[in-house]
Structure formats: C-alpha cells, structure tokens
Ligand code: HEM
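In the numbering used here, the protein residues as written are 29 to 471.
Laid out in structure tokens, this is it:
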C-alpha cells in the first residue's frame, strides 16, 4: 500500500487491486475529509459488509447501516469520562502488577522483551475492564485468555489463510459456498461461554460493577425495563462487542506502548523530560494518579501522539460506498459497494506533512504545531463518526502504564535491540517480527 502511495505522488486518488478486490486509495487529505467526514452518509460501512453474519460478527466494527448507528449510540456513554474515571483504578492495579514483574527483571539484571511484557499488561487490563476478571496474564503464560489472544491475532498460518481468503474472495461467494468461518470457531465459543458464565455469576451479586460487560448488560436491562419492541443488546451483540473490545484493545495498546518505550530508550533526553513531568505532578498530588491527573500530563501526551504518528498500529482506514458519490473536480462516480481506503501510515510518514518523518519529535504536537497542521494528516484513531470509540480509554490506559514505569525505571537500548527494527507483514497490526529487547534499571 505504501509503495502505491509513493509511486503516485501527485495524484489525489489511485485505483488498485488488493489481490482480487478493487479499491480506491484516497491520498489527498482534503478529499479524505470530504469522504470520511462531510459525506459520511455515502460511506458509512467498513469493508466487511460481505462477511457472513455469524454470531460473533455482530460488533461495532463490522455492523453496517442503521444497526451500527443504534449500537454505537448506546455504546458511546460507556466510554464517557465518568465511566473511565471509575475504571482508572483497575488499570492502575494492572500497572502495579507490571511494575512488580519489571522489578524482578531489574533485580537479576535481565533484559525485557518489551512486546511480550506490554501484551501481558494489555491483556490484564482487558480482563479487568472488559470482563471484570483477573486474567493474570502477567504471570501465567498458559492462561486461556492469552491463548485466545494468540488464536485471534497471532502470526499463525491459520490466521494467514483466513486473511488471504478474505482478500481473494471479494464477493463473499467462497465463504457462502464452503461455509467458511471468518475466524476460528474457538473464538466464538470462548466469548459466548464467557458471557453465559458471567451472567450466571452476577445474577446473585449485590455489588455494582463497572466493567464493559456489566455496562452492556445494564443497557440490555434498560431496554427490557423500557419494554422496547426490539431488544438490540441481545447475547449476540454483547458477546460480539466483548470480542471486539478484546480484539481492538489488545495489540493496538501493546504495540504502541512497546514502540513508545523503544523511542524513549533511544532518546534519553525525551525520556528524562517525561519522567520530570511525572515527578513534578506527583509531588503536587496527595493521591495516586487518577483520571484527571493523567490528563494533566501534556508532554507525555505529546510523546504518545508522536508514537502513534510514526507507528500507527492500524495502518489504513476502509469504507464501503453506501450512496452514489461523485468525486469533486473529477468525472469519477462511485456507486454503492465501491471500496475506499485512506492510508494512515503513509500520510503520517509523508515528508510533505511531517518534515523529516523518521525523526521521533514530540514537538510536532505542541498546541501551536497542531493548529498549523493540514487537516486530516493525523488520524491514528481514524476519522469521522466511525472513528475509534476507545480513544479516551486507550490514552488513559497507556498513560497509567507509563506513569508507573517511568517514575521508577530507566529504559535503555542494549546489544539485542534491533536498530532499526524490521516490520512484519504477517500480523494484523503494524508491528515488528521480532521481540523489542530493552535494558531496564532503577532510576
Ligand atoms: C492505541 C490504541 C488504539 C488505536 C491506535 C486504535 C485505532 C483505531 C482505528 C484506526 C479505528 C478505525 C477508525 C475508522 O475507521 O475511522 C478503530 C476503530 C475501533 N476501535 Fe480502536 N484503537 C485503539 C484502541 C482501542 C480500544 C482500547 C478499544 C476498546 C476498548 C477500541 C475499540 C474500537 C472499536 C469498537 C472500533 C470500531 C468503531 C466503529 O466502527 O464504530 N480501540 N480504532
């Protein structure tokens, strides 16, 4: 994709085939705004409309049309600052467990496999905030949840075949003919069983919980109490969204944190500045870093924004045309079912928008520089009404983790650190094919 983007520097859009699937690559930021934001009604769906509607596919990322809007409207409040404030404490506990694990490495002078460590942390947060469970991924490599994470996202041959079939089968015909499951049946069973057990366990509970599964059950209970004609939040919708929160919040978080620590190790002066900001704020606080305190860490926010600029885990944004649309200043008309794609990674790394894009430079995210930026050239969380619903949660989680780690530890490159590292083409996300090794010492 990046090769096509670079091969046609002057074009605003380029048509190409993703194996057998025709697609229009929208390169021009202004046009991206017009198609993904202003004319959202013409491009409401993702490129998943042809996926067979199996039980676990009824989630926000794959729903289309009115159903998507209904589910999104009901889910937005569960990601509100009020709800996130309540979850912050659970994330803080997971960060403390991570801290303990790192302290064991420091004690025996052991290098850290950053990706592995961060994925365990991300998994523990999902366990606690999505399911209200202790996954114990930090200390248990054989946990069921870790296994399901690998089944869903790992660089396994099974997953490669599934991805290939998805690309080779643009009409969805093969899937229908051979009853091809877009994901392993193990994943489907796992989430439905988990929902069933959780419901049973909670029936007799008197305490109120604030995890996503409970918040979704509350939505359903309200629908039942209001006696609505069609209950939207049935078991399929709830289990599917448990799955998507797991899927969307696992690797995105772990790779972003890994790349962030990698860049901080390579740029010690930036690392020191983040640490100083944490220390200054901590000295002025009487309690632990709560949600509001995390929001005061402006330099850390700049560092995370620059990490997501240089390494956006989701490299492209796709939509299906849902209403006929004429591309402005051209005679090209797109008809329903046409596919479009915005190249997030390529735009973030284009020297026309970011001078010296390979340089890790958080100063790009000062208030003044943000105001100067060409619109729609920064979109790690997507754009428009379909952008990432987990943005605030993701930022809270990553800041919570960095506060805990950088206050106490210094991260450094070591002999085993690949500089630069190689990116893998096998994974779903933008990531490295090998571990990111770093040395750690107590501050
Ligand atoms: C660093 C972390 C993350 C990044 C970079 C990220 C990025 C993205 C991107 C690029 C999209 C597509 C947006 C579009 O098409 O316009 C997306 C969608 C989505 N994300 Fe995230 N995400 C992150 C974390 C999370 C977390 C933690 C959750 C949930 C707990 C989450 C849930 C979702 C969902 C449900 C969608 C589909 C939204 C819809 O179609 O309405 N994401 N994300």
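Backbone N, C-alpha and C define an ideal beta-carbon position, used for all residues, glycine too.
Check                                                                                                                                                                : Outcome
Which residues mark the beginning and the end of the alpha helix (DSSP H) in which residue 337 is found?                                                             : 326-338
Measuring from the CB of residue 424, is there a heavy atom of the ligand HEM at a distance below 6 Å?                                                               : no
Suppose contacts are defined by Cβ-Cβ distances below 7 Å. Is residue 379 in contact with residue 385 by that definition?                                            : yes
Quick check on residue 141: does DSSP put it in helix, strand or coil?                                                                                               : strand
Using only alpha-carbon positions, find the residue among 290, 282, 330, 291 that is nearest to residue 147.                                                         : 282
Roughly how many angstroms lie between the CA atoms of residue 77 and residue 91, to the nearest whole one?                                                          : Confidence in residue 77 is poor, its pLDDT being 46 and thus under 50, which makes the residue's placement too unreliable to answer from.
Nearest to residue 325 by alpha carbon, out of 355, 429, 439?                                                                                                        : 429
Where does residue 239 land, buried or exposed, given buried means 16+ other C-beta within 10 angstroms?                                                             : buried
Alpha carbon to alpha carbon, how far is residue 341 from residue 355?                                                                                               : 29 Å
Which of the three DSSP states, helix, strand or coil, is assigned to residue 269?                                                                                   : helix
Here's a check: name, in chain order, each residue in its chain whose Cβ is nearer than 7 Å to the Cβ of residue 44, leaving out the five neighbours to either side. : 32, 51, 53
Please look up how many angstroms separate the CB atoms of residue 372 and residue 343, rounded, as I've assumed it's under 8 Å.                                     : 6 Å
Nearest to residue 59 by CA position, among 412, 151, 133, is which residue?                                                                                         : 412
Taking only heavy atoms of the ligand HEM into account, decide whether any of them is closer than 6 Å to the Cβ of residue 418.                                      : yes
For residue 73, which beta-bridge partners are listed by DSSP?                                                                                                       : 348
Take every Cβ of the stretch 112-129, pair it with every Cβ of the stretch 313-321, and state whether three or more of those distances are shorter than 8 Å.         : yes
What are the residues that DSSP puts in a beta bridge with residue 368?                                                                                              : 52, 347
Can the beta-carbon of residue 71 be found closer than 7 Å to that of residue 349?                                                                                   : yes
Please report the distance separating the alpha-carbon of residue 130 from that of residue 258.                                                                      : 49 Å
Under a three-way DSSP split, which group does residue 440 fall into?                                                                                                : strand
Nearest to residue 104 by alpha carbon, out of 88, 93, 327, 144?                                                                                                     : 88
If we ignore side chains and look at the alpha-carbon of each, how far apart do residue 431 and residue 162 end up?                                                  : 22 Å
Cβ of residue 272 versus every heavy atom of the ligand HEM: is any distance shorter than 6 Å?                                                                       : yes
So, helix, strand or coil for residue 37, using DSSP?                                                                                                                : coil
Going by beta-carbon coordinates alone, are residue 449 and residue 466 separated by less than 7 Å?                                                                  : no
Evaluate the contact criterion for the stretch 391-403 versus the stretch 241-258: three or more CB pairs, one atom per stretch, below 8 Å.                          : no
So is residue 347 buried or exposed if we call it buried at 16+ other beta carbons inside 10 Å?                                                                      : buried
Can you give me the start and stop residues for the alpha helix (DSSP H) that residue 468 sits inside?                                                               : Taken as a continuous stretch (DSSP letters only), residue 468 belongs to no alpha helix (DSSP H), being part of the beta strand (DSSP E) at 465-470.
From residue 270 to residue 75, what distance separates their C-alpha atoms?                                                                                         : 21 Å
Could you tell me the alpha carbon to alpha carbon distance between residue 64 and residue 157, rounded to whole angstroms?                                          : 30 Å
Under a Cβ-count criterion, where at least 16 other Cβ atoms within 10 Å of its own Cβ denotes burial, should residue 442 be classed as buried or exposed?           : exposed
Just checking residue 523 against the ligand HEM - is the residue's beta carbon closer than 6 Å to any of the ligand's heavy atoms?                                  : Only positions 29 to 471 of the chain appear in this structure, which leaves residue 523 out of reach.
Output the boundary residues of the alpha helix (DSSP H) element that contains residue 228.                                                                          : 213-231
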